[in-house]
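Heads up, the thing below is written out as structure tokens.
Protein chains: 2
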Amino acid sequence: MCPGCGVVHYQNPRMVVGCIIEEQGNLLLCKRAIQPRHGYWTVPAGFLELGESTVQGAVRETWEEAGARVQVIAPYAHFDIPYIGQAYIFYRARMLSAEYSAGTESLEVKWVPPAQIPWDALAFQVVRVSLEMFVQDQQSGQYRTHHGIISRDAEGRYTLEEHLALPLSHR
Amino acid sequence: MCPGCGVVHYQNPRMVVGCIIEEQGNLLLCKRAIQPRHGYWTVPAGFLELGESTVQGAVRETWEEAGARVQVIAPYAHFDIPYIGQAYIFYRARMLSAEYSAGTESLEVKWVPPAQIPWDALAFQVVRVSLEMFVQDQQSGQYRTHHGIISRDAEGRYTLEEHLALPLSHR
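If you're matching them up, the sequences are chains A and B in order.
So the number in our numbering is just where the residue sits in the first sequence, counting from 1, plus 33.
So the number in our numbering is just where the residue sits in the second sequence, counting from 1, plus 33.
See below:
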């Protein structure tokens, strides 16, 4: 409903697009400078905008939040999160140059080895799930593409229903 | 901008979710009873709604438009269509019972063998692209999962940039 006049506008779930960027095994993470979850860690991601593809949106968000120019390698994950009306779409990406820096929405951006991922200080459950899968895929040496639903029950427990985890050779 | 009062509301691309339903090689198609593209053929699909996953939305649209209860087998395609601010997400599905019927948004629903797909009377370019891929996959005996962008140039020509076509064994 419009807060200005009360007219009802139709609302649909929104896509959040982002990149999981890997160099020599390390992942590029951002510490959030904005609410919600100020001060917590995430991968660069944000709302898809009109006129751009999900790849373009993921690349733009990475530039805005992490000051990094990246190239998408392949789709990595699609997670529906019905209880917040969002679908997260992550791409696997590589750096096009070595430069990165904290954008206005980040307090800090840094390379993190898998063993030092701040699991207790990640911003969102979908980031945790995606990074857990990514680290598993790194260890197995085979990147997959993932598709599923993240739910939360009345006690605040999360569940992941995975529809698909397709093997995908590294490229 | 709200037509009621002029307040600006943020708009994001929307997800359209649907099913490609196959039985004994035939595909379940719907003839549209609504605009745009009234009288043209499509697979059951529509806007994802708040509170549902993309799988749930695809199953609901199939029930509403084709009167069919289906079970999703696997993700089939994700196509970004930036020039209309939409992302189409199709699942491969099977019938849970033999019943189907035209819903209020369909003039007719019927099983169509691949050789009789009405290519000149399909409602949307994304439906054409998806059915072309599906028929190819049927012929090769190997279902893939597809990911790409559909663009349209100033002359109205469509292009498809495919990021990924992963082999997916039939299941």
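Backbone N, C-alpha and C define an ideal beta-carbon position, used for all residues, glycine too.
In the structure shown, B:Glu82 adopts coil according to DSSP, grouped into three states. Distance check between B:Leu197 and each of B:Gln171, B:Met166 and B:Arg190 places B:Met166 closest, using alpha-carbon atoms only.
At a cut-off of 9 Å between C-beta atoms, B:His111 counts as an interface residue with respect to chain A.
Listed along chain B is no residue with a C-beta nearer than 8 Å to that of A:Val142; the closest approach is about 25 Å. Among the CB atoms of chain B, none fall inside 9 Å of the CB of A:Leu193. Within the same chain, and ignoring the five residues on either side of A:Glu138 in sequence, the residues whose Cβ sits closer than 6 Å to its Cβ are Ala66, Ile67 and Glu98.
When the five nearest sequence neighbours on each side are left out, the beta carbons in the same chain lying within less than 6 Å of the beta carbon of B:Glu195 are those of Gly181, in order along the chain. B:Met166: member of the alpha helix (DSSP H) spanning Gln158 to Ser173, first to last residue. A:Gln171 and A:Gly72 have their C-alpha atoms spaced approximately 27 Å apart. Under the Cβ distance rule, A:Ser173 does not count among the residues neighbouring chain B, no pair being separated by less than 9 Å. Taking the Cα of B:Leu193 as reference, the smallest distance to any Cα among B:Trp96, B:Leu83, B:Phe80 and B:Asp113 is reached at B:Asp113. Counting along the chain, B:Gly39 sits inside no alpha helix (DSSP H), nor does DSSP assign it H or E at all. A:Ser86 reaches chain B at Asp113, Pro115 and Ile182, counting residues in chain order whose Cβ is nearer than 8 Å. Within the region 76-107 of chain B, those residues whose Cβ lies closer than 9 Å to any Cβ of chain A are, in chain order, Phe80, Leu81, Glu82, Leu83, Gly84, Glu85, Ser86, Thr87, Val88, Gln89, Gly90, Val105 and Ala107. A direct Cα-Cα distance of roughly 46 Å separates B:Tyr191 from A:Ala148. Separation of the CB atoms of B:Asn59 and A:Leu83 is rounded to 37 Å, and the pair is thereby denied contact status at 8 Å. When Cβ-Cβ separations below 9 Å define contact, B:Ile122 makes contact with chain A. Per DSSP, A:Arg125 is not a residue of any alpha helix (DSSP H); the beta strand (DSSP E) it occupies stretches across Gln119 to Met128.
The beta carbon of A:Gly79 lies closer than 6 Å to those of Glu94 in the same chain, with the five residues before and after it left out.
Residues of the region 40-52 of chain B that bring their beta carbon within less than 7 Å of a beta carbon in chain A comprise Val40, His42, Gln44, Asn45, Pro46, Arg47 and Met48, in sequence order. Remark: C-beta atoms of B:Val88 and B:Tyr124 approach each other more closely than 9 Å. Cβ-Cβ distances below 6 Å link B:Leu62 to Trp74 and Val145 in the same chain, with the five nearest sequence neighbours on each side left out; the list follows chain order. Exposed is the label assigned to A:Glu141, since fewer than 16 other Cβ atoms lie within 10 Å of its Cβ.
With a cutoff of 9 Å on beta-carbon distance, B:Cys35 and B:His42 are scored as near each other. Looking from the CA of B:Val160, the closest CA among B:Ile183, B:Arg102 and B:Gly174 belongs to B:Ile183. For the C-beta of B:Leu164, not a single chain A residue is nearer than 9 Å; the gap to the nearest is close to 21 Å. Nearest to B:Ala126 by C-alpha distance, out of B:Lys64, B:Val92 and B:Gly37, is B:Val92. Per the DSSP secondary-structure output, B:Trp144 pairs in a beta bridge with B:Leu61.
Inclusion of A:Ser130 and A:Ala107 in the CB contact set at 9 Å is not warranted, their separation being larger than that value.
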